[in-house]
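Presented below is the structure to which this report refers.
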């Protein structure tokens, strides 16, 4: 069985035992049997640890389920902790490319981390699978980027249209002040105003946010709904301050992208989260056989931890890499990127594909409501918007 060791240390998912090669073999044969190395860069410590924990667990599960050999060669996943700091991400990526001779890079828990690495991917002609970061512009920064997570505007824009169709006329947004938050603000605002609604926007610091003064501004303004975007794992802090200020009893509807009621932390929010309506591409409660099997296996392998949308980005990222490597017979570079373009499969999240032109994810967006199911809180889907692309690249 493969496993990751403690965060912050170099860790390797070791593939099936490689064939012992004689030094008499030709260099070409040695290259053919050399392990396929995937450099996985994640925030395993620091404020975004939950992102790293979820993705690394999903990558581990995928390798366990699908074997640690691709195209006749063992697969090694080298996990490095970037602590959520872009300069560290870039340094680690360079070390993985130069010293470890990886075939592909993967992970990237936040937009600044992915943007810091994209130039290196271009220079090294290194496939870079983004499993988490969600800003639209990431795929434009390098022709070697392929994304299996989400484009946050892909979620926010159709959600705005749907909210307006339900009769909501006046909204205030609170978003974290960095790339994905800006994309949520811009895309939701444009679509909501186009549908006849009015909206005011508030931005809060990404690091160590205090939501209280911003929530007071919302309480004073009394909109019909408050739209929230915060990174994965920060929703618990937001909800705590939302309840402390009595906002849950104010009559202002709390809505958002799925990050705010992330499956990893949802149960800890308590009854205040009941009824919160969000839009997202994945819920642990997604009613498909593929997802039920995924959730069961993930929880069994991870001390009953519930998978969230970060986990599914990691799981599907490994699927794209494995299937691409099969097509190229283990070759990386531009060949591997081309092999992933246009790929389509049935994910635990539902049908998804990689757009052959943009290299970005195409997927369903689900409207969900927090409900109690078998004693636990879940995001229960009740409406589907199929096959959504990044609205800025239509």
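Residue numbers (our numbering): 75 to 468.
We put the CB at the ideal spot given by N, CA and C, even for glycine.
Here the structure is a predicted model, which is why all the values come from computation and not from measurement.
Check, Outcome
"Continuous beta strand (DSSP E) assignments of at least 3 residues falling wholly in the region 156-239", "178-181, 202-204, 219-221"
"C-alpha distance - residue 461 paired with residue 353, whole-angstrom precision", "14 Å"
"Residue 284 to residue 405 span [Cα, whole Å]", "47 Å"
"Local Cβ density within 10 Å of residue 172, reported as buried at 16 or more and exposed below that", "exposed"
"C-alpha gap between residue 100 and residue 400, whole angstroms", "No answer about residue 100 holds up, because its pLDDT of 34 lies below 50 and its placement is not dependable."
"With 16 other Cβ atoms within 10 Å as the buried cut-off, status of residue 201", "buried"
"Member of 403, 385, 390, 181 whose CA lies at the smallest distance from the CA of residue 426", "390"
"Contact between the region 290-303 and the region 322-336 (3+ Cβ pairs under 8 Å)", "yes"
"Proximity winner among 346, 176, 257, relative to residue 199 (alpha-carbon distances)", "176"
"Inter-stretch contact (C-beta, 8 Å, three-pair minimum) for the region 380-389 and the region 126-144", "yes"
"Residue of 254, 251, 235 minimising C-alpha distance to residue 270", "235"
"Cβ-Cβ distance between residue 307 and residue 343 below 9 Å", "no"
"Candidates 452, 296, 383: closest to residue 205 by CA position", "383"
"Host beta strand (DSSP E) of residue 459 (start-end)", "450-462"
"Residue 147, DSSP secondary structure in three states", "strand"
"Residue 317 beta carbon less than 9 Å from that of residue 346", "yes"
"With 16 other Cβ atoms within 10 Å as the buried cut-off, status of residue 420", "exposed"
"Own chain partners of residue 124 with C-beta closer than 7 Å, once the 5 adjacent residues on each side are dropped", "306, 307, 338"
"Beta-carbon separation (whole angstroms), residue 216 vs residue 193, contact threshold 8 Å", "7 Å"
"6 Å Cβ shell around residue 328 - same chain, five flanking residues per side excluded", "300, 350"
"Anticipated Cβ contact below 8 Å, residue 451 with residue 378, distance rounded", "In fact, because the Cβ distance is near 15 Å, the residues do not count as touching under 8 Å."
"Neighbourhood of residue 272 by C-beta, 6 Å cutoff - its chain only, sequence neighbours within 5 removed", "244"
"Nonlocal neighbours in the same chain, by C-beta distance under 7 Å from residue 315, ignoring five residues either side", "285, 286, 289"
"Contact under 9 Å by Cβ, residue 474 with residue 465", "Absent from the structure is residue 474, since the part of the chain shown begins at 75 and ends at 468."
"Residue 118, DSSP secondary structure in three states", "coil"
"Whole runs of the beta strand (DSSP E) within the region 244-318, excluding any shorter than 3 residues", "244-250, 272-278, 299-303"
"Three-pair Cβ contact test at 8 Å for the region 440-449 versus the region 251-261", "no"
"Buried or exposed by the 16-neighbour rule on C-beta atoms within 10 Å, applied to residue 150", "buried"
"Whole-angstrom C-beta distance between residue 372 and residue 475, which should lie under 8 Å", "Any question about residue 475 goes unanswered here, given that the chain covers just 75 to 468."
"Residue(s) in a DSSP beta bridge with residue 335", "Answer by DSSP bridge pairing: none, since residue 335 is not bridged."
"Cβ neighbour criterion (16 or more within 10 Å) applied to residue 320", "exposed"
"Beta-carbon proximity check, residue 112 vs residue 148, cutoff 9 Å", "no"
"Local conformation of residue 438 per DSSP, three classes", "strand"
"Counterpart residues of residue 355 in DSSP-defined beta bridges", "None; residue 355 has no bridge partner."
"Residue of 237, 184, 190 minimising C-alpha distance to residue 250", "184"
"Same chain only: Cβ atoms within 8 Å of residue 168, ignoring 5 sequence neighbours per side", "194"
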